[in-house]
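Worksheet: one structure, shown below.
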Amino acid sequence: MASAITSADLTYEYAPGVGAVGLDLEVPEGQVYGFLGPNGAGKSTAIRMLTSLIRAQRGSASVLGLDPWHDASELHSRIGVLLSDQPAPRQHTGQSLLALLSRLRDRPDSIDRGTALAERLSLDLSKKGHELSLGNRQKLGLVTALAHEPDLVILDEPTNGLDPLLQREIGSLLREIADGGRTVLLSSHSLPDVEAIADHVGFIRDAILVEQLPLAALADRAVRRLIVRFDRTMSAADFDGVPNIEKLLIAADGEVSIEYRGAVAPVLSRAGELNAQTIEAHPVELEETFLALYRGEGAGQ
Ligand code: ADP
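Just so it is clear: in the sequence shown, position 142 is 123 by this note's numbering, and no numbers are missing.
So, in structure tokens, the structure goes:
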């Protein structure tokens, strides 16, 4: 499969080991790639290198076949970017900003598309940047990143500060972009948010790319947790021989926390045989997934 982004040893260090170090990225074309890592992991630093904002100190990158530093202006006409700390121009309304960008990009069609996107996200384009709330500024950033139908969309924490309904809407929007054959790189510190829409995920921690893999492969590697309540106190022996269970925490009140990896079916069927009363699935924590990836076969790059 062709790649929209590749990099080899891509590095920018603010101080030794701080920033993004030795990244070998591979972002498949026509997919949503979730770029995951806790705050301070190096996601923005990597994105800044890929979008020509800072020049890599070492290594190389190819973004849509272009060198982000040397081919910056051509690249910018083909990508749409939303940075994590992107300010909204204070004195521009959404409308005037869309008009300005359409002229700069020589894409008159982008005004109508931007207007439709704003409607979809319930963004008022008649307001000036400084009148917009944080969430609405974020929406405006998205609209301007997407209006010219770029081949590649790079979004740094695009749903920060937005309510869950809107997050879902943006997720569908990004899914549609990838389903139409274009590529989305989406950074986030939240695995559940990204899991809902990504095809491929890359994990970065402490400036290092830990692992990148298709989402389907992550399902086999990530550790998940169920909290199951029974009508009596359970014992570890009750779960003997159940495949996929990694860890059990048994409380005296009948509650059992079950960490498992892979398919949930064997766990659910034993819980059913044991007359489980309630089951809650807990969101996977990014940190736990990192640990599972580090422990897992082939992890660590
Ligand atoms: P993320 O986007 O994953 O939150 P960043 O790429 O913003 O992470 O930051 C990676 C590391 O680089 C962090 O330790 C951060 O404090 C540091 N850093 C980011 N920008 C600068 C800067 N301009 N000067 C010095 N250190 C920076």
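From the three backbone atoms N, C-alpha and C, an ideal C-beta is built for every residue, glycine too.
Figure out for me which residue from the options has the closest Cα to the Cα of residue i.
i: Asp160; options: Asp144, His170 and Ile178; result: Ile178
i: Val175; options: Val191, Glu157, Gly162 and Gly152; result: Gly152
i: Leu272; options: Glu227, His73, Gly235 and Glu10; result: Glu227
i: Pro68; options: Ala(-4), Asn117, Ser169 and Val209; result: Asn117
i: Leu98; options: Ile158, Lys109 and Asp137; result: Ile158
i: Ser287; options: Ile208, Asp221 and Ser(-12); result: With the chain covering only -18 through 282, there is no way to say anything about residue 287.
i: Leu155; options: Met215, Asp132, Ala197 and Asp144; result: Asp132
i: Glu100; options: Gly142, His111 and Leu147; result: Leu147
i: Pro173; options: Pro89, Ser216 and Leu267; result: Leu267
i: Ala188; options: Met(-18), Glu10 and Gly21; result: Gly21
i: Leu196; options: Ala(-17), Gly110 and Thr270; result: Thr270
i: Arg251; options: Tyr275, Pro224 and Pro264; result: Pro224
Along the chain, where does the beta strand (DSSP E) containing residue i start, and where does it finish?
i: Val13; result: Val13 to Leu17
i: Leu229; result: Ile226 to Ile231
i: Glu7; result: Glu7 to Pro9
i: Pro195; result: Ile189 to Pro195
i: Asp137; result: Leu133 to Asp137
i: Arg186; result: His181 to Arg186
i: Ser(-12); result: Ser(-16) to Ala(-4)
Quick check: does the Cβ of residue i come within less than 8 Å of any heavy atom belonging to the ligand ADP?
i: Thr26; result: yes
i: Pro49; result: no
i: Val2; result: no
i: Tyr(-5); result: yes
i: Asp174; result: no
i: Ala37; result: no
i: His181; result: no
i: Ile185; result: yes
i: Pro19; result: yes
i: Val(-1); result: yes
i: His170; result: yes
i: Ser65; result: yes
i: Gly15; result: no
i: Gly110; result: no
i: Gly40; result: no
i: Asp219; result: no
i: Ala53; result: no
Can you tell me where the alpha helix (DSSP H) holding residue i begins and where it ends?
i: Arg118; result: Leu115 to Leu127
i: Arg163; result: Where Arg163 is concerned, there is no enclosing alpha helix (DSSP H), given that its DSSP letter is neither H nor E.
i: Thr96; result: Asp90 to Arg101
Given a threshold of 16 other Cβ atoms within 10 Å of its Cβ, counted over all protein chains shown, does residue i qualify as buried or as exposed?
i: Thr259; result: exposed
i: Asp(-10); result: exposed
i: Gly279; result: At Gly279 the pLDDT is 43, less than 50, meaning the model places this residue with poor confidence and gives no usable figure here.
i: Gly(-2); result: exposed
i: Asp137; result: buried
i: Leu4; result: buried
i: Ala126; result: buried
i: Val81; result: Reading off the sequence shown, one finds Leu at residue 81, where the question assumed Val. With fewer than 16 other Cβ atoms within 10 Å, it is exposed.
i: Ala246; result: exposed
i: Glu192; result: buried
i: Arg305; result: Shown here, the chain extends from -18 to 282; a query on residue 305 therefore has no answer.
i: Leu167; result: buried
i: Ala(-4); result: exposed
i: Gly281; result: Note that Gly281 has pLDDT 38, beneath the 50 cutoff, so the model's placement of it is unreliable and no number is given.
i: Pro49; result: buried
i: Gln38; result: exposed
i: Tyr275; result: exposed
i: Ala128; result: buried
i: Gly222; result: exposed
Is the segment 53 to 63 close to the segment 96 to 104, with three or more CB pairs under 8 Å?
Per the Cβ contact rule, the segment 53 to 63 is not in contact with the segment 96 to 104 (fewer than 3 Cβ pairs under 8 Å).
Would you check if the segment 235 to 255 and the segment 204 to 212 touch, i.e. whether three or more CB-CB distances between them fall below 8 Å?
Cβ pair count under 8 Å is three or more, so yes.
Is the segment 221 to 236 touching the segment 45 to 52 in the sense that three or more CB pairs, one from each, lie closer than 8 Å?
Short answer: they don't touch.
Would you check if there are 3 or more beta carbon pairs closer than 8 Å linking the segment 177 to 194 to the segment 3 to 20?
Counting Cβ pairs under 8 Å, three or more are found: they touch.
Taking contact to mean at least 3 C-beta pairs separated by less than 8 Å, is the segment 65 to 81 in contact with the segment 119 to 127?
The segment 65 to 81 is in contact with the segment 119 to 127.
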